[in-house]
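To start, the structure itself, in structure tokens.
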Amino acid sequence: MSVKKIILRFLLVIIAIFIIIQFIRPAKNQSTTTLATDIKLHYPVSANVESILAKACYDCHSNNTRYPWYNKIQPVAWFLDDHVRSGKRHLNFSDFTSMRVAKQYKRMDDCKEQIKEGEMPLESYTLIHRDAILTDAEKDTLYNWFDAVRDSIKARYPADSLIMPKRKK
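In structure tokens form, the structure reads like this:
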């Protein structure tokens, strides 16, 4: 068998695999309802904060991802699905109050720290979603909101409920 035929067959197999995987799609992260555990139902979220969260956070940290056109192409959709699942595992604003109070309290501090350190939003996200790059004013707005949520939690619950239990070694 000639090298040309081997290469042609190889390319046909690759194309067939690419076509077949287009039919294997992950479920979309889009909810039509607001959960009773959504952060907006328990802590004040101004329109300005909501706007910032929607453009820079909610795609990975809520139950409502805005999917880009390229999400229809595999294996890109698998990569995005994994990315969203990972983001929601760390923080899901749609299910925020289902966490222990101490964890909610700590998450607000974590959010502030990650934005200050430039870890969030992820660079891989902002490469394509240029509108998700936070201005200094937007960062300050979020910092103030994180502090306000922490203050609200602190005012509602006893001090000992805000302490994360130490992990056993």
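Just so we're aligned, residue 2 is where the sequence shown starts under our numbering, counting upward by one.
Ideal Cβ placement from N, Cα and C applies to all residues, glycine included.
- Within the DSSP secondary-structure output, ASN65 pairs in a beta bridge with GLN31.
- Sequence-distant partners of THR98 (beyond 5 residues in either direction) whose C-beta falls short of 6 Å from its own C-beta, in its chain, are THR38, HIS43.
- Positions of the alpha helix (DSSP H) runs, each at least 4 residues long and wholly inside the region 86 to 159, are given as 102 to 117, 124 to 127, 137 to 157 in order along the chain.
- Here the C-alpha atom of ILE164 lies approximately 16 Å from the C-alpha atom of VAL150.
- Considering only ASP111, CYS112, ALA57, the residue with the shortest C-alpha distance to ASP132 is ALA57.
- For PHE11, the enclosing alpha helix (DSSP H) stretches over residues 4 to 22.
- Within the same chain, Cβ atoms closer than 7 Å to the Cβ of PRO76 are found at ILE22, the five residues on either side in sequence being excluded.
- Here SER63 is near SER95, since their CB atoms are less than 7 Å apart.
- Nearest neighbour of TYR158 by Cα position, chosen from GLU124, ASP111, ARG101, PRO166, turns out to be ARG101.
- Assigned with DSSP and collapsed to three states, VAL77 falls in helix.
- DSSP places ASN49 in the uninterrupted alpha helix (DSSP H) bounded by 48 to 57.
- Ranked by Cα distance from MET109, the first of SER3, LEU13, ILE40, ARG10 is ILE40.
- Contact between PHE147 and LYS107 fails: their C-beta atoms lie close to 11 Å from each other, not under 8 Å.
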